[in-house]
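Note that the numbering used here gives residue 132 to position 132 of the sequence shown, counting from 1, and the numbers run on in steps of one.
Ideal placement from N, C-alpha and C gives every residue a C-beta, glycine not left out.
Bear in mind the structure is a predicted one, so any value in this text is a computation, not a measurement.
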Amino acid sequence: MKRRIAILTGAGVSAESGISTFRDSNGLWENYKVEDVASIEGWYRNPELVLDFYNHRRSELAGVRPNGAHITIAGLEKNYDVTVITQNVDNLHERAGSGRIIHLHGELTKVRPENCCNENDGFSENSVFDIGYGPVHLGDLAPNGHQLRPHIVWFGEAVPKIGLAIDAVERADMMLIVGTSLQVYPAAGLYRYAGKDTKIYIIDPKDVPVHDPRITHIRDVATRGMEKFMEILDGSRI
Ligand code: APR
């Protein structure tokens with residue numbers, strides 16, 4: 001039976017692919033106001049601005065590739081039962097070959113009618129579909145006649161997949177956290193569900209805002225940090 005690893009990733013795992021993080025210097029939130037482009041109120045206030053924001057990020061995604069960290073994470077599946085829980089909306093874990101991925105905050109290449117996938121329909125994803133890297137404009141309607149919107153979890157909206165993520169962390173024999181500032185809940189609180197004896201490794205070049213005896217901080221960027229993590233794995237049985 002393969003040992004289970006739960007891996008929580010954030011924008012830092014995609015930084016070396018050339019995708020901006022949110023809260024580093026010159027990050028996305030220095031150039032856009034979160035409440036304008038990543039909140040449900042912002043969508044109701046100015047849907048065109050929101051669509052342009054995601055159209056820009058979606059077209060940028062077409063031009064970047066998974067980096068060594070995504071590839072090493074995918075390679076772990078050879079010897080471990082891996083669940084990737086990502087806050088990222090990019091598709092780089094998929095393109096690196098990871099098989100089990102929980103997108104807590106949605107997926108950039110997917111859209112849906114704006115009246116679906118919410119509390120009223122039990123967050124059904126039946127009407128979600130992938131548009132690749134192309135744009136969505138105001139007036140682009142779904143088959144049901146409603147405006148298409150990005151399949152993204154905005155601030156002010158529920159995180160429907162958090163239960164799946166908690167289950168994966170509770171069952172894990174080890175947890176790895178790569179490239180997240182751990183500022184946004186519920187994702188940031190996931191590590192608390194790890195078993196009391198479960199080792200937790202955090203890869204981040206900066207200080208992390210959590211202190212827990214189970215945590216070992218690998219202070220490096222994702223690509224080198226993953227190499228160091230692999231040395232730890234090779235040297236010990238988890
Ligand atoms: N390798 C590893 N980590 C890195 C790298 C790198 N090359 N570069 C930056 N980091 C780290 C930063 O030190 C920081 O801790 O990645 C983290 C990025 O933090 P944020 O920009 O806050 O991104 P994230 O934690 O993913 O944000 C969570 O906030 O705005 C919402 O929905 C959005 O999913 C996002 C959520």
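ask   = Val-221: beta carbon under 7 Å from a heavy atom of the ligand APR?
value = To locate residue 221, count along the sequence shown from 1; it is residue 221. A heavy atom of the ligand APR is found nearer than 7 Å to the CB of Val-221.
message = Mapping the DSSP letters down to three states, classify Ile-162 as helix, strand or coil.
response = Locating residue 162 in the sequence shown gives position 162, where the first residue counts as 1. Note: Ile-162 maps to helix in three-state DSSP.
Under the three-state DSSP convention, the category Pro-135 falls into = Taking the sequence shown and counting its residues from 1, one reaches residue 135 at position 135. If DSSP states are grouped into helix, strand and coil, Pro-135 belongs with coil.
inquiry  = So, with DSSP's three-state summary, where would you put His-103?
reply    = Taking the sequence shown and counting its residues from 1, one reaches residue 103 at position 103. Of the three classes helix, strand and coil, the one that applies to His-103 here is strand, per DSSP.
key: C-alpha distance - Ile-203 paired with His-105, whole-angstrom precision   = The residue labelled residue 203 in the question sits at position 203 within the sequence shown. The residue labelled residue 105 in the question sits at position 105 within the sequence shown. Roughly 20 Å between the two C-alpha positions.
message = Runs of 3 residues minimum, wholly inside the segment 60-102: which ones carry the beta strand (DSSP E) assignment?
response = The qualifying runs are 80-86.
query = Hey, Ile-232 and Ile-215 are a contact pair by Cβ (cut 8 Å); roughly how many whole angstroms apart?
reply = Within the sequence shown, the letter at position 232 stands for residue 232. Within the sequence shown, the letter at position 215 stands for residue 215. Under the criterion of beta carbons closer than 8 Å, Ile-232 and Ile-215 do not qualify as touching, at roughly 13 Å.
query = Would the beta-carbon of Gly-10 fall within 8 Å of that of Asn-88?
reply = The residue given as residue 10 occupies position 10 in the sequence shown. The residue given as residue 88 occupies position 88 in the sequence shown. Yes, Cβ-Cβ distance for Gly-10 and Asn-88 is below 8 Å.
query = Nearest-angstrom Cα distance between Val-184 and Ile-7?
reply = Mapped onto the sequence shown, residue 184 falls at position 184. Mapped onto the sequence shown, residue 7 falls at position 7. For Val-184 and Ile-7, the gap between their C-alpha atoms comes out near 16 Å.
request  = Quickly, what does DSSP pair Ala-6 with across the bridge? List them, please.
outcome  = What you label residue 6 is simply residue 6 of the sequence shown in a count that begins at 1. Partner(s): Thr-83 and Met-175.
request  = Pull up the distance between the alpha-carbon of Asn-46 and that of Arg-3, whole angstroms please.
outcome  = Taking the first residue of the sequence shown as position 1, residue 46 is located at position 46. Taking the first residue of the sequence shown as position 1, residue 3 is located at position 3. Taking the straight line joining both Cα atoms gives about 47 Å.
query = For Ala-158, which of Cys-117, Pro-150, Thr-180 and Ile-19 has the nearest alpha-carbon?
reply = Here residue 158 is taken as the residue at index 158 of the sequence shown, counted from 1. In terms of Cα proximity to Ala-158, the closest of Cys-117, Pro-150, Thr-180 and Ile-19 is Cys-117.
ask   = Under 8 Å, do Leu-148 and Val-208 count as touching if we go by C-beta distance?
value = Within the sequence shown, residue 148 is the residue found at index 148, counting from 1. Within the sequence shown, residue 208 is the residue found at index 208, counting from 1. Going by C-beta atoms, Leu-148 is not nearer than 8 Å to Val-208.
ask   = Would the C-beta of Asp-197 count as close to the ligand APR, meaning under 7 Å from any of its heavy atoms?
value = If you number the sequence shown from 1, residue 197 lands on position 197. Asp-197: no, Cβ never under 7 Å from the ligand APR.
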